[in-house]
Each structure stands twice: as structure tokens, then as C-alpha cells.
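For reference, the structure is listed below as C-alpha cells.
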Amino acid sequence: MKENELMLTSLLDCERIDLAVKARELTPEQERQFRQMKARRAQGEPVQYIIGKTDFMGIALVVDRRALIPRPETEILVELAVSNGKALRQDGKLNVLDLGTGSGNIAIAMAENISHAQITAVDVSAEALTLAKMNAKTRGVHGRIRFIGEDMSVYLKATSAEARKFNIIISNPPYIPTEELARLPADVRNEPRTALDGGHDGLHFYREILKYAYTVLSPDGLLALEIGDGQRNSIEKIFAQYPQYQRVEFFKDYVQTDRIVMARLSETF
Ligand code: GLN
Numbered sequence: 015m016k017e018n019e020l021m022l023t024s025l026l027d028c029e030r031i032d033l034a035v036k037a038r039e040l041t042p043e044q045e046r047q048f049r050q051m052k053a054r055r056a057q058g059e060p061v062q063y064i065i066g067k068t069d070f071m072g073i074a075l076v077v078d079r080r081a082l083i084p085r086p087e088t089e090i091l092v093e094l095a096v097s098n099g100k101a102l103r104q105d106g107k108l109n110v111l112d113l114g115t116g117s118g119n120i121a122i123a124m125a126e127n128i129s130h131a132q133i134t135a136v137d138v139s140a141e142a143l144t145l146a147k148m149n150a151k152t153r154g155v156h157g158r159i160r161f162i163g164e165d166m167s168v169y170l171k172a173t174s175a176e177a178r179k180f181n182i183i184i185s186n187p188p189y190i191p192t193e194e195l196a197r198l199p200a201d202v203r204n205e206p207r208t209a210l211d212g213g214h215d216g217l218h219f220y221r222e223i224l225k226y227a228y229t230v231l232s233p234d235g236l237l238a239l240e241i242g243d244g245q246r247n248s249i250e251k252i253f254a255q256y257p258q259y260q261r262v263e264f265f266k267d268y269v270q271t272d273r274i275v276m277a278r279l280s281e282t283f
């Protein structure tokens with residue numbers, strides 16, 4: 015849908031087809047609201063924040079300034095994790111760890127697509143977690159998601175002393191180099207900085223995740239991460255420092271950019 019159509023269907027609480035078929039007249043109040051929406055858009059606010067919702071893998075989610083707007087590329091990440099991880103632990107519970115859950119999109123989609131999945135969703139932002147919890151509740155999967163308000167490195171470090179209990183670790187971590195943040199388009203600059211800032215070279219969270227993931231993954235576990243533009247080579251180098259990982263595979267997004275990396279643990283580890 016075009017942006018104006020998204021705003022109008024949201025305002026009038028109708029389907030796109032109704033806009034054309036019913037040729038509705040806006041009431042003066044609706045007209046005022048529509049003008050207000052267009053003014054916010056003109057200021058660079060993303061349309062998803064203005065209408066307060068988005069779709070992720072067919073799941074309607076509430077989104078606002080508290081969290082990153084889920085992107086279509088992230089659907090590829092979840093689809094790969096679902097198709098490769100679903101077969102694990104079919105006779106029991108599949109433990110999934112979602113690092114940096116934001117609006118809860120990945121955690122909720124994993125819960126909805128893998129019926130025996132039990133999710134732990136971590137985010138450093140208390141505001142984002144409130145939003146994620148609300149989304150999980152609306153979708154009826156909150157009973158299978160445990161929410162933890164902690165920095166992902168802190169959580170991983172603390173958990174590494176426990177049993178290797180996760181069958182899947184999935185994450186779309188912040189991956190924009192700090193100094194590029196100011197050059198991002200206005201809509202992206204409306205999103206929370208903590209959801210975007212990947213440190214000086216954008217790779218901070220990959221270093222942290224790879225440092226600890228093998229200590230918390232089950233021996234047959236799967237690691238699935240989204241990566242930023244042009245980061246493949248650097249991320250391959252980080253993987254090369256850890257013989258614990260094997261079968262490191264990259265997958266492209268809709269515009270043929272390397273966007274996802276998946277790895278398994280080596281059998282000898
Ligand atoms: N998990 C959320 C998403 O994929 C948030 C990611 C983030 O904040 N970096 O959209």
C-alpha cells in the first residue's frame with residue numbers, strides 16, 4: 015500500500031479496497047487527523063510509527079518509538095531459523111533465545127511458527143520489552159515467552175555458567191557503525207539509537223554473541239543472525255577465531271546482499 019493509503023485505512027479502520035469502492039468523505043475531524051499524519055510524515059517520522067502498527071510474517075504488531083520497526087529482510091532470518099530448527103527436540107521443548115527482541119517480532123514469530131518452542135527474549139530497553147510483552151499478549155503467545163530486561167552480553171555471560179540449554183539462538187542485533195548513524199535517512203533516525211548502534215565498526219554485538227553463543231547452545235544447536243551491508247567478510251573473520259562453530263553459511267536478502275549467517279556447533283566441541 016502507498017503511504018497515504020496506509021494512513022487512510024488506519025484512520026478509517028477499513029481495507030484498501032474500501033478506499034476506492036466507497037469513495038468516502040472524511041469528516042472534519044478525520045480530515046484534521048489525516049493532515050496531522052501527513053505533517054508527521056513530512057517531518058520524517060516513519061509511516062509505521064504514525065499508524066502505530068506493522069506486519070511481520072503476517073503477524074500484526076503494534077510499533078512505536080520504543081522499538082525498531084521490523085524489516086522484511088528479518089522475515090528471511092526467521093524463515094531460515096524455522097525451517098532449519100523446527101526438527102530439533104520434536105519430542106520435547108525447543109528452547110529459543112532471541113537477543114535484542116525490540117517489538118518482539120522474532121520471538122512472537124518463532125512461537126507462532128514452532129508450536130513446541132519456548133522462547134527467552136532479551137532486550138536492554140525496558141520500554142521495548144513493555145511493547146514486546148503487549149504484542150505477545152495480543153497474539154496469545156505470552157505464555158511461551160520469557161522476557162528479560164538485560165544487555166545481551168551480560169545475559170549471555172551470566173547464562174554461560176548454566177547448562178547449554180538453547181537449541182536456537184537468533185538475533186537481529188544493532189549493526190550500524192556509530193559514526194554512520196548521523197548519515198542515516200530521517201525515518202531511520204527516528205528509531206531508537208540503541209536498536210541501531212553496533213559500535214565503532216558495527217560489529218560489537220557479533221563479537222559478543224560469538225564469544226558466548228557456543229557456551230549456551232546445545233550440541234546440536236543452531237545460531238542464526240542477521241548482518242549489515244558489507245559485513246560478511248568481517249563476520250567470517252570473527253567466526254574463524256572460534257573453532258567451536260562449523261558450517262558457517264551466508265544467505266542473501268531480496269536485493270542479493272548477504273544478510274543472514276547461520277552456524278552450527280562443531281561435533282568435536
Ligand atoms: N528483533 C527486532 C527486529 O528484528 C529488533 C532488532 C533491533 O532492535 N536491533 O526488528
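First residue of the sequence shown: 15, per the numbering used here; consecutive thereafter.
Glycine included, every Cβ here is placed at the ideal spot set by N, Cα and C.
Secondary structure, beta strand (DSSP E): runs of 3+ residues fully inside the stretch 56-121
67-70, 73-76 and 108-113
Just reading off the alpha helix (DSSP H) that Tyr228 is part of, what are its end residues?
Start and end: His218 to Val230.
Cα separation between Asn98 and Gly213?
30 Å
Buried or exposed: which applies to Ala81, given that a residue is buried once 16 or more other Cβ atoms fall within 10 Å of its Cβ?
Label assigned to Ala81: buried.
Pick helix, strand or coil for Asp137, following the three-state DSSP scheme.
strand
With Ala277 as the anchor, note down where its beta strand (DSSP E) starts and where it stops.
Per DSSP, Ala277 belongs to the beta strand (DSSP E) from Asp272 to Leu279.
Have a look at Glu93 and Leu113 and give me their C-alpha separation to the nearest angstrom.
Straight-line Cα distance between these residues: approximately 17 Å.
From the DSSP output, in three-state form, read off Ala175 for me.
Coil, per DSSP.
Alpha carbon of Phe264 to alpha carbon of Ser117, nearest angstrom
25 Å
Cβ-heavy atom distance between Asn127 and ligand 1 below 6 Å?
Incorrect: Asn127 has no Cβ contact closer than 6 Å to ligand 1.
In angstroms, rounded to a whole number, what distance separates the CA positions of Arg203 and Ala196?
7 Å
Could you give the residue range of the beta strand (DSSP E) that holds Lys266?
For Lys266, the enclosing beta strand (DSSP E) has its first and last residue at Tyr259 to Lys266.
Within its chain, find whatever has a CB closer than 6 Å to the CB of Leu224; leave out the 5 residues flanking it on each side and keep chain order.
Taking Leu224 as the centre and dropping the five residues before and after it, the same chain places the C-beta of Ile252 and Tyr256 closer than 6 Å to its C-beta, in chain order.
Own chain partners of Pro299 with C-beta closer than 7 Å, once the 5 adjacent residues on each side are dropped:
The structure shown does not extend to residue 299, since the chain is modelled only from 15 through 283, so no value can be given for it.
Separation of Ser174 from Thr229, as counted between CA atoms
Cα to Cα, the separation comes out at about 5 Å.
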